[in-house]
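Okay, structure first, notes after.
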Amino acid sequence: MAEIAVLLANKARRAALIQTVRGRPELTIEQLEGLLDNGEYAEELQQITVRELVRHQTHTPALEVQAGESVEDAVLRVFHHLPDQRLTSGFFRRYMGLERWTAQKVLADMADRGLLVRSGKTSGTRYSLSQESGGG
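The sequence shown lines up with residues 69 to 204 when you count with the working numbering.
Here it is as structure tokens:
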């Protein structure tokens, strides 16, 4: 039982170190090397790989805007595949690779035209497919 607790604690410590380094993108290679050589966490940092530091891309090619398809058509396609979901502009940034302002503008325009239903305000704004567009 104690071995499992130690293993979990070590994994948590490693995850915390990875998050800390990720949270300091201004670190230079030289500064990181200094931490690896003689920092308090040198031994643990030496075991972390670049793969662990690089955030995995969440952009999903299946959700990309297809050749000949408008951004609006691509957004509608996503909503038709997820008709009962209330999605944020962040969803389209993360999974479609849209720029923040593009996602916000397209979603707001579609809501203004009645294609989507908008709920919430500012960062809590969610969009869902309107009845006219085939939503629930």
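Where is the CB? At the ideal position from N, CA and C, for every residue including glycine.
task = Would you kindly work out how many angstroms separate the C-alpha atoms of R194 and G188, rounded to a whole number?
result = The sequence position of residue 194 within the sequence shown is 126, counting from 1. The sequence position of residue 188 within the sequence shown is 120, counting from 1. Here the alpha carbons of G188 and R194 stand approximately 6 Å from one another.
message = Which residues does DSSP list as the beta-bridge partners of V185?
response = As a first step, residue 185 must be located in the sequence shown, where it is residue number 117. Under DSSP, V185 takes part in a beta bridge, and its partners are S196.
ask   = Do you know how far the Cα of R162 is from the Cα of Q115?
value = Working through the sequence shown from its first residue, we reach residue 115 at position 47. Working through the sequence shown from its first residue, we reach residue 162 at position 94. As the crow flies, the alpha-carbon of Q115 is around 29 Å from that of R162.
Cβ distance (whole Å) where A197 is taken to contact F147 below 8 Å = As a working note, residue 197 is residue 129 in the sequence shown. As a working note, residue 147 is residue 79 in the sequence shown. Reading off the sequence, residue 197 comes out as Leu, not Ala. Their Cβ separation, rounded to whole angstroms, is 4 Å, which keeps L197 and F147 in contact under 8 Å.
Among M178, R168, A110 and T88, nearest to V143 - alpha-carbon criterion = Stepping through the sequence shown from its first residue, residue 143 is reached at position 75. Here the closest residue by C-alpha is M178.
Pairwise C-alpha distance: A73 and A110 = Translated into positions along the sequence shown, residue 110 becomes position 42. Translated into positions along the sequence shown, residue 73 becomes position 5. About 22 Å.
Between the CA atoms of A135 and E167 - distance to the nearest angstrom = The residue you call residue 167 lines up with position 99 of the sequence shown. The residue you call residue 135 lines up with position 67 of the sequence shown. Computed Cα separation, rounded: 18 Å.
key: Cut-off 6 Å between Cβ atoms - residues of its own chain near L155, not counting five sequence neighbours on either side   = Taking the sequence shown and counting its residues from 1, one reaches residue 155 at position 87. Answer for L155: Y195, listed in chain order.
task = Have a look at Q172 and G192 and give me their C-alpha separation to the nearest angstrom.
result = Here residue 172 refers to the residue found at position 104 of the sequence shown. Here residue 192 refers to the residue found at position 124 of the sequence shown. Distance from the CA atom of Q172 to the CA atom of G192, rounded to whole angstroms, is 12 Å.
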